[in-house]
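Participant: Please read through the structure below; I'll follow up with questions.
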Amino acid sequence: VTETNLVNLAWAATVAGQATPELIDYVFSTTESLLESLPPPVLIQLGHILLGNPQDGAAKGAVAGPSRAELQEILSAPKGDPISRFLGLSNVIPTNTAHSNFAISILLALCRIRKTATPPYSSKLHEKVSATLAAMDIPHINEFAVFGGVYTLDIVLGDSVAIEVDGPSHFLESTRTQGDLRYNAETLFKQRVLTSLGWTIYSLPYKDWEGAKGDEAKKALLASILERPPVGTPSDT
């Protein structure tokens, strides 16, 4: 079994909630000395496995985003300013894992590939939502990288509150033609991990945006988003 296949196996088990501590320990011990040579997609999968498998007895903590005050500071800083780069990366070691040494190693590897990686792509839908928030004078950051880019949040409002602009690829294909959209497994896993890290995530499904006709209706929709239950709550479907 190659290292890539081993990581794929552990990632699938993590998404399904079936990864055992023994499997995770084996994957991390096998790959830790190879992080420099592993391709970026495999590094990101290892990050998913790390964040998705908190160890029993480990402290629950957040890979925190900026506070609202820090968000304002980021937005007002010159482009490329060190504080903007530092806070934008959100390079905080997660405190909900017992694998802190591996976390540091993989974070350093992820930061190295971010230096040459293509910036995250914002969909046309995301750009329209961001423009409407700007028209409403709501400060926000787009494409916020969590833990060196293991995950990217579409829109961060500060204080670990974020809006995910969920296009068709986030939902089961069989539900896209129906009125009741259902998240696919990968999206549910991302929501579960980020919620466990202390984030409050609100979803904006693409059909809601399409159904809001005109600028004022879209502003009203965004104003109502934060009044909905965040993802991961019992009332969330």
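To convert, note that position 105 of the sequence shown is 126 in the working numbering; the numbers rise steadily by one, no gaps.
Beta carbons are placed, not taken as given, at the ideal position from N, Cα and C, and that holds for glycine.
(1) What are the start and end residues of the alpha helix (DSSP H) that includes T35?
(2) By the three-class DSSP mapping on this structure, what secondary structure does A233 have?
(3) Look at the Cβ atom of V214, then the Cβ atom of G73, and state whether they are nearer than 8 Å.
(4) Can you tell me which of the three DSSP states S144 falls into?
(5) Measure the alpha-carbon distance for S143 versus P42 and round it to whole angstroms.
(6) Please identify the residue among L242, L30, H191, R133 whose C-alpha is closest to the C-alpha of E57.
(7) For F49, collect the residues of the same chain with a Cβ closer than 7 Å to its Cβ; drop the 5 residues on either side in sequence, then sort them by chain order.
(8) Would you please state the rounded distance, in angstroms, between the beta carbons of L154 and L243? I believe it to be under 8 Å.
(9) Cutting at 8 Å between CB atoms, please list the residues of its own chain near F278, excluding the five before and the five after it.
(10) Cβ atoms of A183 and I222: under 8 Å apart, would you say?
(11) Work out the CA separation of S54 and T196 for me, nearest whole Å.
(12) Given a cut-off of 8 Å on the beta-carbon distance, is the pair I65 and V171 in contact?
(13) Let me confirm a value: A31 is counted as buried when at least 16 other C-beta atoms fall within 10 Å, else exposed. Which label applies?
(14) What residue range does the beta strand (DSSP E) around F192 cover?
(15) Would L67 and V28 qualify as a contact pair, given that the criterion is a beta-carbon distance under 8 Å?
(16) Only counting the same chain, and skipping five residues up and downstream in sequence, which positions put a Cβ closer than 6 Å to that of T258?
(17) Provide the residue(s) that pair with I266 in DSSP beta bridges, ordered along the chain.
(18) Using DSSP with H/G/I as helix, E/B as strand and the rest coil, what is N163?
(19) If I measure Cβ to Cβ from S126 and keep anything under 7 Å in the same chain, skipping five residues before and after, which residues do I get?
(20) Which term fits P75, buried or exposed, when burial requires 16 or more other beta carbons within 10 angstroms of its beta carbon?
(21) How big is the Cα-Cα spacing for V252 and P60?
(22) In this structure, what does DSSP give as the bridge partners for Y204?
(23) What number of angstroms, rounded off, separates the C-alpha of S181 from the C-alpha of L174?
(24) In the DSSP assignment, the alpha helix (DSSP H) including Q39 goes from what residue to what residue?
(25) Once the 5 residues before and after T25 are set aside, which same chain residues still bring their CB inside 7 Å of it?
Facilitator: Checking against the coordinates, here is how it stands:
(1) Along the sequence shown, one-based indexing puts residue 35 at 14. Here the alpha helix (DSSP H) through T35 covers 24 to 36.
(2) Reading the sequence shown from its first residue, position 212 is the one you call residue 233. A233: coil per DSSP, three-state reduction.
(3) One-based indexing of the sequence shown puts residue 214 at position 193. One-based indexing of the sequence shown puts residue 73 at position 52. Cβ distance < 8 Å, so V214 and G73 count as in contact.
(4) Translated into the one-based positions of the sequence shown, residue 144 becomes position 123. Looking at S144 - three-state DSSP - the assignment turns out to be coil, as it is neither helix nor strand.
(5) By one-based count along the sequence shown, residue 143 stands at place 122. By one-based count along the sequence shown, residue 42 stands at place 21. Approximately 36 Å, taken between the alpha carbons.
(6) Working through the sequence shown from its first residue, we reach residue 57 at position 36. That would be R133, whose Cα lies nearest to the Cα of E57.
(7) The count along the sequence shown starts at 1 and reaches residue 49 at position 28. So the qualifying residues of the chain are H120, F123.
(8) Stepping through the sequence shown from its first residue, residue 154 is reached at position 133. Stepping through the sequence shown from its first residue, residue 243 is reached at position 222. Taking a contact as a CB-CB distance under 8 Å, the pair L154 and L243 counts as one, their CB atoms being some 6 Å apart.
(9) No answer is possible for residue 278: the residues shown for the chain start at 22 and end at 258.
(10) Here residue 222 refers to the residue found at position 201 of the sequence shown. Here residue 183 refers to the residue found at position 162 of the sequence shown. Taking 8 Å as the Cβ cut-off, I222 and A183 qualify as a contacting pair.
(11) Along the sequence shown, one-based indexing puts residue 196 at 175. Along the sequence shown, one-based indexing puts residue 54 at 33. C-alpha separation (whole angstroms): 43 Å.
(12) On the sequence shown, residue 65 is found 44 positions in, with the first residue counted as 1. On the sequence shown, residue 171 is found 150 positions in, with the first residue counted as 1. At a Cβ-Cβ threshold of 8 Å, I65 and V171 count as neighbours.
(13) As a working note, residue 31 is residue 10 in the sequence shown. It counts as buried.
(14) Locating residue 192 in the sequence shown gives position 171, counting from the first residue. Annotation: F192 is outside any beta strand (DSSP E) and is labelled neither H nor E by DSSP.
(15) Against the sequence shown, residue 67 aligns to sequence position 46. Against the sequence shown, residue 28 aligns to sequence position 7. Yes, these two residues count as a Cβ contact at 8 Å.
(16) As a first step, residue 258 must be located in the sequence shown, where it is residue number 237. For T258, the predicted structure reports a pLDDT of 47, less than 50, and the residue's modelled location is therefore unreliable. A value from the coordinates is still provided. Result list for T258: empty, nothing under 6 Å.
(17) Beyond the ends of the chain as shown, which are 22 and 258, falls residue 266; an answer cannot be given.
(18) Position 142 of the sequence shown, counted from the first residue, corresponds to residue 163. Three-state result, N163: strand.
(19) What you label residue 126 is simply residue 105 of the sequence shown in a count that begins at 1. So the list reads E53, L56, once near-sequence residues are dropped.
(20) For the purposes of this step, residue 75 is identified with residue 54 of the sequence shown, where counting begins at 1. With a threshold of 16 other beta carbon atoms within 10 Å, P75 meets it and is buried.
(21) Here residue 252 refers to the residue found at position 231 of the sequence shown. Here residue 60 refers to the residue found at position 39 of the sequence shown. Distance between the alpha carbons of V252 and P60 is about 31 Å.
(22) By one-based count along the sequence shown, residue 204 stands at place 183. Note: Y204 sits in a beta bridge opposite F192.
(23) Locating residue 181 in the sequence shown gives position 160, counting from the first residue. Locating residue 174 in the sequence shown gives position 153, counting from the first residue. If you take the alpha carbons of S181 and L174, they lie about 10 Å apart.
(24) Along the sequence shown, one-based indexing puts residue 39 at 18. No alpha helix (DSSP H) contains Q39, which DSSP labels as neither H nor E.
(25) In the sequence shown, counting from the first residue as 1, residue 25 sits at position 4. Excluding sequence neighbours, T25 sits near V63.
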